[in-house]
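Chains as they are written, first to last, in the numbering used here: chain A, 225 to 514; chain B, 56 to 379. Here a beta-carbon is modelled for each residue, glycine too, at the ideal position from N, C-alpha and C.
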């Protein structure tokens, strides 16, 4: 009998359900595998990398890909493959931390605005409108200009500039859920405000948030790369994909591999995140069962 | 509790919705009593204030627009409107619970039905998850759904089954009073009959009192012991089922019955009540039904109190005054 389990009925938990639906989606699985490769590459960089990413070898400058250097060397003779592996660490960190900053701040602000409404709602939403009106690259540049360059400040800048997106998503979800009958029903069953927000409202707006977050990791990596590309991001010796692109630009004609490989790495990461995000969106919707 | 004691007593309850366009007098000086084990039908048109009345009893009126200027709600000897929010939460769901109109939206789409019934149980009982889950399964079986379906999500159920789940949630803590807000409106007729039968049976099994909000007099005839007819925020007539169905005294009640096709007579047209419900921000003086009433006279402008024309049968109409 099925009944003789942990709980009296077979509990199909949310996580299991989501995982089941996620695994069925081939694109999503491909995205996940790509992401795993990236994470492994970042973690195992010291093991995999054949050379020190910072070690210069001026005798072997701008070498095309060969058996010795599978992605060739850059203008200072550094191994590009090793630099890309180490670069993955920075990109992953930037992606995760910048998204965490904006996700947490945006959600809290959006929840406050949506739940309490009125004056507070107006102040928060108009402030986020102002942030939205400024092009994000311009906003990033001005924040970094004010705080000074460096990994930490780049993450903060990217985080701040994507707050409004989360804020709006969270507020919209809360507004549409607050007056739903099941929320009222839960209140009628004796639940308190906090319980309702945590158990009924939050799980219902999780799907768009998770999707937004995964998609945003990709664009955060991209933003970081573009900040480094214009010279405001990561300080030169540190291997970072955008900075590598930027410095390889001068040799585009003679040594295209200097820009090709970092570019491919960025594409790989963003593509992986987008596939993941799309798959998650489908997996998180319990009504989309097939 | 002795048999004749009132489980619920609403005294002079008024509810207003204060908006920029004016104050809506949703409920005014409403008096209502409900004995233990009794089923009361609250009948009226859309906008008559039925739902507002029961939401006031539950204490779940949306408080920025809603205001309760006067009135007392006494449930089981306690004045509900004087309780703190925390005390009130202990009563909601445990002592009084509510079934909402639309089963499609009153279940959380991302929780399994088992979890939602468990929630109702665990909010009021200190028991383990496992124990709660077991009781949730029992509740499902009670309402006629197989226990193994507890792990399914609401969208995997049909409308009638969802309403059964909602009933299971409402009855999970064996409340003393069950408020059903048009529980069958969203269901089709065959399912309506099943759900009503189920509610009637469970109500008797658990010895629960019930307030049934409806605008379907057929439902009233089927399960209610007493009936209160509401019009524009007031109770215009109340009495036992026999009083209302056989000796309706208020012109509005008579009008309602005129709108029901009679199987025995050959009728070509029904007799509707002329006109519309009055604007709730601008109610007529005196009797509120006066503008639509076929028997309206000068005395109606003063309005009438609720008068008892026979034991347990009260009517708010000047026409009945002379008879009494």
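Item, Value
"Every unbroken alpha helix (DSSP H) inside the stretch 284-367 of chain A [4 residues or more]", "304-340, 342-357"
"Buried or exposed by the 16-neighbour rule on C-beta atoms within 10 Å, applied to residue 503 of chain A", "buried"
"Short Cβ contact (8 angstroms threshold) for residue 173 of chain B with residue 191 of chain B", "yes"
"Own chain, CB closer than 7 angstroms to residue 475 of chain A, minus 5 neighbours either side, in chain order", "286, 299, 482"
"Beta bridge counterpart(s) of residue 61 of chain B as assigned by DSSP", "B:90"
"Helix, strand or coil at residue 331 of chain B [DSSP, three-state]", "coil"
"Nearest-angstrom Cβ-Cβ length linking residue 269 of chain B and residue 237 of chain B, presumed shorter than 8 angstroms", "6 angstroms"
"C-beta atoms of residue 429 of chain A and residue 387 of chain A nearer than 8 angstroms", "no"
"Nonlocal neighbours in the same chain, by C-beta distance under 8 angstroms from residue 57 of chain B, ignoring five residues either side", "Legend: pLDDT at residue 57 of chain B = 44, less than 50; position of this residue unreliable, no value from coordinates given."
"Distance CB(residue 463 of chain A)-CB(residue 277 of chain A) smaller than 8 angstroms", "yes"
"Test: residue 406 of chain A CB closer than 8 angstroms to a CB of chain B", "yes"
"Residue 231 of chain B, DSSP secondary structure in three states", "coil"
"Beta-carbon gap between residue 414 of chain A and residue 147 of chain B smaller than 8 angstroms", "yes"
"is_contact[residue 409 of chain A, chain B] using C-beta, thresh 8 angstroms", "yes"
"Nonlocal neighbours in the same chain, by C-beta distance under 8 angstroms from residue 360 of chain B, ignoring five residues either side", "371"
"Residue 222 of chain B: first and last residue of the uninterrupted alpha helix (DSSP H) it sits in", "214-226"
"CB contact flag (residue 432 of chain A, residue 393 of chain A, <8 angstroms)", "yes"
"Residue-chain proximity (residue 346 of chain A, chain B), Cβ-Cβ < 8 angstroms", "no"
"Beta carbon of residue 364 of chain B nearer than 8 angstroms to that of residue 304 of chain B", "yes"
"Where residue 113 of chain B meets chain A, residues with beta-carbon distance less than 8 angstroms", "412"
"Stretch pair the stretch 103-118 of chain B + the stretch 292-302 of chain B: three plus CB contacts closer than 8 angstroms", "no"
"DSSP state of residue 344 of chain B mapped onto helix, strand, coil", "coil"
"Inter-stretch contact (C-beta, 8 angstroms, three-pair minimum) for the stretch 368-384 of chain A and the stretch 314-327 of chain A", "yes"
"Any C-beta of chain A under 8 angstroms from that of residue 149 of chain B", "yes"
"Residue interval of the alpha helix (DSSP H) (run including residue 392 of chain A)", "387-402"
"Close-in-space but distant-in-sequence residues of the same chain around residue 470 of chain A (CB under 8 angstroms, 5 per side omitted)", "452, 453, 454, 455"
"Between the CA atoms of residue 221 of chain B and residue 209 of chain B - distance to the nearest angstrom", "10 angstroms"
"Chain B within 8 angstroms of residue 463 of chain A, Cβ atoms only", "no"
"Top-ranked residue by Cα proximity to residue 331 of chain B, from B:135, B:366, B:287, B:256", "B:287"
"Local conformation of residue 80 of chain B per DSSP, three classes", "strand"
"Residue-level contact to chain A via CB, residue 174 of chain B, 8 angstroms cutoff", "yes"
"Closest residue to residue 65 of chain B among B:92, B:136, B:348 (Cα-Cα distance)", "B:136"
"CB contact check: residue 145 of chain B to chain A, cutoff 8 angstroms", "yes"
"Closest residue to residue 487 of chain A among A:407, A:311, A:271, A:423 (Cα-Cα distance)", "A:311"
"Given residue 265 of chain A as reference, the closest of A:508, A:498, A:493 once Cα atoms are compared", "A:493"
"Presumed contact (8 angstroms Cβ cut-off) between residue 390 of chain A and residue 331 of chain A, rounded CB distance", "6 angstroms"
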